[in-house]
Amino acid sequence: MNRPVFAPSRVASAAAEHPRQPFAVRFPGFVRRLPWLVLAILALFPLLAPALGLEYYVGFVRRLLIVAIAASSLNFILGYGGMAALGHAGFIGVGAYTVVALVEAGFSSAWLAWGGALVVAGLSAALIGAVSLRTRGVYFIMITLAFAQMLYYLAVSLRTYGGDDGYGLYTSLEMGAWLDGVHPDVFYWVVLAIAALVFAGFSRVAHSRYGHALRGIRDNETRMVALGYPVYRLKLAGFVAAGAVAGLAGGLLASHNAFVSPAIMHWTQSALLLVMVMLGGLGRRWGAPLGVALWLVLEEALKMHTDYWHWPLGVLLLLAVFHAPQGLAALFERREANR
Amino acid sequence: MSLFVAEGLVKRFGGLLATDHVDLAVERGEIHALIGPNGAGKSTLVNLISGLLPADAGRIVLDGVDLATLAPHQRVRHGLARCFQITSVFRNDSVRDNLLLAVQAQAGSSFRCLRRREAETALADAALALADRTGLGAVLDRPAGVLPHGMQKRLDLALALAAAPRLLLLDEPMAGMGPEDSVQMIELIGRLRSETAILLIEHDMDAVFRLADRISVLVYGRVLTSGDAAHVRGHAEVQSVYLGTEAHA
Numbered sequence: 000m001n002r003p004v005f006a007p008s009r010v011a012s013a014a015a016e017h018p019r020q021p022f023a024v025r026f027p028g029f030v031r032r033l034p035w036l037v038l039a040i041l042a043l044f045p046l047l048a049p050a051l052g053l054e055y056y057v058g059f060v061r062r063l064l065i066v067a068i069a070a071s072s073l074n075f076i077l078g079y080g081g082m083a084a085l086g087h088a089g090f091i092g093v094g095a096y097t098v099v100a101l102v103e104a105g106f107s108s109a110w111l112a113w114g115g116a117l118v119v120a121g122l123s124a125a126l127i128g129a130v131s132l133r134t135r136g137v138y139f140i141m142i143t144l145a146f147a148q149m150l151y152y153l154a155v156s157l158r159t160y161g162g163d164d165g166y167g168l169y170t171s172l173e174m175g176a177w178l179d180g181v182h183p184d185v186f187y188w189v190v191l192a193i194a195a196l197v198f199a200g201f202s203r204v205a206h207s208r209y210g211h212a213l214r215g216i217r218d219n220e221t222r223m224v225a226l227g228y229p230v231y232r233l234k235l236a237g238f239v240a241a242g243a244v245a246g247l248a249g250g251l252l253a254s255h256n257a258f259v260s261p262a263i264m265h266w267t268q269s270a271l272l273l274v275m276v277m278l279g280g281l282g283r284r285w286g287a288p289l290g291v292a293l294w295l296v297l298e299e300a301l302k303m304h305t306d307y308w309h310w311p312l313g314v315l316l317l318l319a320v321f322h323a324p325q326g327l328a329a330l331f332e333r334r335e336a337n338r
Numbered sequence: 000m001s002l003f004v005a006e007g008l009v010k011r012f013g014g015l016l017a018t019d020h021v022d023l024a025v026e027r028g029e030i031h032a033l034i035g036p037n038g039a040g041k042s043t044l045v046n047l048i049s050g051l052l053p054a055d056a057g058r059i060v061l062d063g064v065d066l067a068t069l070a071p072h073q074r075v076r077h078g079l080a081r082c083f084q085i086t087s088v089f090r091n092d093s094v095r096d097n098l099l100l101a102v103q104a105q106a107g108s109s110f111r112c113l114r115r116r117e118a119e120t121a122l123a124d125a126a127l128a129l130a131d132r133t134g135l136g137a138v139l140d141r142p143a144g145v146l147p148h149g150m151q152k153r154l155d156l157a158l159a160l161a162a163a164p165r166l167l168l169l170d171e172p173m174a175g176m177g178p179e180d181s182v183q184m185i186e187l188i189g190r191l192r193s194e195t196a197i198l199l200i201e202h203d204m205d206a207v208f209r210l211a212d213r214i215s216v217l218v219y220g221r222v223l224t225s226g227d228a229a230h231v232r233g234h235a236e237v238q239s240v241y242l243g244t245e246a247h248a
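The listed protein sequences derive, respectively, from chains A and B. Each residue of the first sequence is one higher than the last, beginning at 0 in numbering that gives the first Met the number 0. Each residue of the second sequence is one higher than the last, beginning at 0 in numbering that gives the first Met the number 0.
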């Protein structure tokens with residue numbers, strides 16, 4: 000009987016012979032369908048949660064998805080583009096404060112607010128990137144950090160928007176008559192849809208000409224210049240896209256928390272985002288969502304048992320560094336090369 | 000008019016005058032070799048011409064266009080490509096992906112971000128053609144970093160050829176090669192003569208005398224003399240500073 004190469008029985012026997020092979024090689028069909036399964040579970044979660052007594056976690060998963068959007072954008076420039084930006088929370092903050100500014104000015108449309116967050120953060124990223132991308136390595140890390148800190152202190156000084164104390168968004172933004180009122184958790188599905196779109200978008204771009212060029216710059220910038228690539232402009236385009244998406248995440252986070260304070264853009268937030276992406280797998284398709292999910296779920300679980308939840312998370316980081324230096328996503332990928 | 004002219008090129012590193020008012024010309028269809036002892040400033044000169052280092056003064060004219068004020072990637076658009084003394088390829092990528100990246104730079108915009116690159120058959124065809132020309136067809140799916148040194152040097156050359164250059168800068172293409180690899184590389188470079196003019200930096204005198212139409216000798220950042228093989232061989236000063244002082248004995 001003729002079987003295709005990846006017929007189940009052959010794969011199963013291969014798995015028995017090589018028990019240490021990556022997960023994806025042993026169960027290719029399952030791993031290929033896993034994303035759709037996860038998406039389906041996420042989509043049904045608000046409907047199932049009440050029956051399971053997990054209503055509280057609908058909000059938690061919503062926050063997780065928003066953070067995953069931001070982390071995906073960081074993974075795009077850091078993992079694929081090699082740009083070690085330590086100021087990503089700055090763009091999240093710009094997005095969140097754009098929402099605040101629009102609300103303060105009397106606008107109430109959610110789409111306008113989030114769209115505005117995307118655009119303003121993108122413009123900020125264009126200005127900051129235009130300067131920062133003229134530097135390399137440690138200087139790039141420091142200059143992106145410096146810009147983010149400037150944004151942080153700008154937010155602290157903005158008395159109109161609450162300064163240090165933050166700003167409460169007392170009425171939720173309107174998503175339009177055809178969405179509002181359909182279901183109390185409609186915002187959850189909107190966030191899920193945006194997260195899925197962002198994720199699919201970045202995955203798509205990673206395999207395009209642009210994605211290949213970006214990885215080429217990460218791996219050997221000098222050669223890319225010598226091949227005739229406009230390296231600076233290519234990097235700037237990626238930086239702006241990532242900044243805009245981070246701003247969108249910031250806008251969503253403002254709606255999610257119904258509150259914005261400068262803490263959202265403190266540099267430790269940028270660092271935390273970096274840690275999550277690295278834990279998940281730098282430059283890997285699933286790196287950002289996996290890292291965010293692992294970190295936030297553990298944080299949530301540990302907080303229930305101890306106030307000293309930083310300790311076990313630190314131990315986890317050490318374990319990850321020694322046993323999964325390529326990140327969690329590496330375990331799910333078929334190929335060694337980071338594609 | 001010469002295809003390529005460099006005039007009065009100057010580069011200082013602090014107090015060191017690495018390139019001292021260098022004038023250099025390359026004719027169409029010519030292989031022009033640049034030789035000189037270690038530290039003469041040969042690689043610096045290649046970096047100035049390709050634009051990876053900014054020159055302090057001087058003109059760089061290719062086909063009537065002054066390239067001196069252009070960014071390095073723009074110089075490639077004008078027909079100037081280069082190889083690297085220390086092999087510079089994308090080590091983690093397959094040879095095929097290396098070639099695709101080189102071909103992609105010349106064919107349309109690299110800002111295209113929605114279409115999958117695998118779907119672009121024109122790119123794949125161009126990469127294959129490039130592999131055939133440079134004898135890399137058999138190793139297309141191997142990671143560049145695990146190839147033998149000679150193959151990596153050839154890949155480095157292939158990446159430069161993707162730009163279809165009018166002037167090709169080769170910075171020691173035979174460096175670190177065994178005799179068989181060198182012979183193959185000399186053949187390959189010889190075949191390129193019909194497509195592009197070449198400025199060849201090389202320590203392997205055998206290769207230089209076999210390939211070069213003209214030889215310039217660089218010493219302490221200055222061009223000492225320029226001429227055909229016989230002229231350079233017979234030049235007393237060249238013999239003393241470069242080929243050794245036995246000639247005087």
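All C-beta atoms in this analysis are idealised placements derived from N, C-alpha and C, irrespective of residue type, glycine included.
| field | DSSP beta-bridge partners of His-31 (chain B) | value | B:Leu-198 and B:Arg-213
| Range of the contiguous beta strand (DSSP E) that encloses Gly-226 (chain B) | 221 to 226
| Spatial neighbours of Arg-209 (chain B) in its chain, beta-carbon cut-off 7 Å, leaving aside the 5 residues before and after | Ile-185
| Applying a beta-carbon distance threshold of less than 7 Å, which residues of chain A neighbour Ser-49 (chain B)? | Ala-225
| request: Output the boundary residues of the alpha helix (DSSP H) element that contains Glu-299 (chain A). | output: 286 to 304
| Is the CB of Ala-48 (chain A) under 8 Å away from at least one CB in chain B? | no
| task | Compile a chain-ordered list of the residues in the stretch 232 to 262 of chain A whose CB is closer than 9 Å to at least one CB of chain B. | result | Arg-232, Leu-233, Ala-236 and Ala-240
| request: Taking only beta carbons into account, state which residues of the stretch 59 to 83 of chain B come closer than 9 Å to chain A, listed in chain order. | output: Ala-70, Pro-71, His-72, Gln-73, Arg-74, Val-75, Arg-76, Ala-80, Arg-81, Cys-82 and Phe-83
| said: Check whether chain B comes within 8 Å of Arg-208 (chain A), counting only Cβ atoms and requiring the distance to be less than that. | reply: yes
| What does Ala-162 (chain B) reach in chain A if we use C-beta pairs closer than 8 Å? | Leu-226 and Gly-227
| said: With a threshold of 8 Å on Cβ separation, who are the neighbours of Val-4 (chain A) within its own chain once the five nearest residues in sequence on each side are excluded? | reply: Because Val-4 (chain A) sits at a pLDDT of 42, beneath the cut-off of 50, its placement in the model cannot be relied upon, and the point is left open.
| message | Looking only at its chain, what residues have a beta carbon closer than 6 Å to the beta carbon of Gly-50 (chain B), apart from the 5 residues adjacent to it on each side? | response | Pro-71 and Arg-74
| field | Straight-line Cα distance separating Gly-7 (chain B) from Asp-92 (chain B) | value | 40 Å
| CB of Pro-288 (chain A) within 8 Å of CB of Val-155 (chain A), strictly | no
| message | Check for me: the beta strand (DSSP E) holding His-72 (chain B) runs from which residue to which? | response | Not the beta strand (DSSP E): His-72 (chain B) falls in the alpha helix (DSSP H), residues 71 to 76.
| Span of the alpha helix (DSSP H) around Leu-38 (chain A) | 27 to 51
| said: Can you check which of these residues, B:Glu-29, B:Met-150 and B:Gly-175, is closest to Leu-191 (chain B) by C-alpha distance? | reply: B:Glu-29
| task | Please state if the CB of Val-240 (chain B) and the CB of Pro-53 (chain B) are separated by a distance shorter than 8 Å. | result | no
| query | Within 8 Å (strictly less), CB to CB, does Gly-215 (chain A) reach chain B? | reply | yes
| query | So with Cβ pairs under 8 Å, would you call Ser-87 (chain B) a contact of chain A? | reply | yes
| Taking the alpha carbon of Val-274 (chain A) as the point to measure from, which residue in A:Gly-250, A:His-265 and A:Leu-316 has its own alpha carbon closest? | A:Leu-316
| query | By a C-beta neighbour count over all protein chains shown, 10 Å radius and 16 as the cutoff for buried, is Tyr-160 (chain A) buried or exposed? | reply | buried
| Buried or exposed by the 16-neighbour rule on C-beta atoms within 10 Å, applied to Tyr-166 (chain A) | buried
| Those runs of the alpha helix (DSSP H) which lie wholly inside the stretch 222 to 286 of chain A and span at least 4 residues | 230 to 256 and 266 to 279
| query | Under the three-state reduction of DSSP, which class applies to Asp-203 (chain B): helix, strand or coil? | reply | coil
| task | Return the chain-ordered list of same chain residues with a C-beta closer than 7 Å to the C-beta of Gly-162 (chain A), the five sequence neighbours on each side being excluded. | result | Val-155 and Ser-156
| said: Using a Cβ-Cβ cutoff of 9 Å, what residues of the stretch 101 to 122 of chain B are near chain A? List them in chain order. | reply: Ala-101, Gln-103, Ala-104, Gln-105, Gly-107, Ser-108, Ser-109, Phe-110, Arg-111, Cys-112, Leu-113, Arg-114, Arg-115, Arg-116, Glu-117, Glu-119 and Leu-122
| message | Does Glu-186 (chain B) come out as helix, strand or coil in the three-state DSSP assignment? | response | helix
| Can you name the residues of chain B whose CB is closer than 9 Å to the CB of Ala-212 (chain A)? | Leu-100, Gln-103, Ala-104, Ser-109 and Phe-110
| task | Compare the C-beta of Asn-46 (chain B) with all C-beta atoms of chain A and state if any pair is closer than 8 Å. | result | no
| query | Taking the alpha carbon of Leu-85 (chain A) as the point to measure from, which residue in A:Asp-218, A:Arg-217, A:Ala-292 and A:Ile-142 has its own alpha carbon closest? | reply | A:Ile-142
| field | Buried/exposed call for Glu-171 (chain B), threshold 16 Cβ in 10 Å | value | buried
| task | Since I believe Leu-66 (chain B) is in contact with Leu-47 (chain B) (beta carbons under 8 Å), could you give me their beta-carbon distance rounded to a whole number of angstroms? | result | The Cβ separation is near 10 Å, so there is no contact.
| Does Val-204 (chain A) get closer than 8 Å to chain B when you measure Cβ to Cβ? | yes
| said: Using a 10 Å radius around the Cβ and a threshold of 16 neighbouring Cβ atoms, would you call Glu-298 (chain A) buried or exposed? | reply: exposed
| Between which two residues does the beta strand (DSSP E) harbouring Gly-7 (chain B) extend? | 3 to 12
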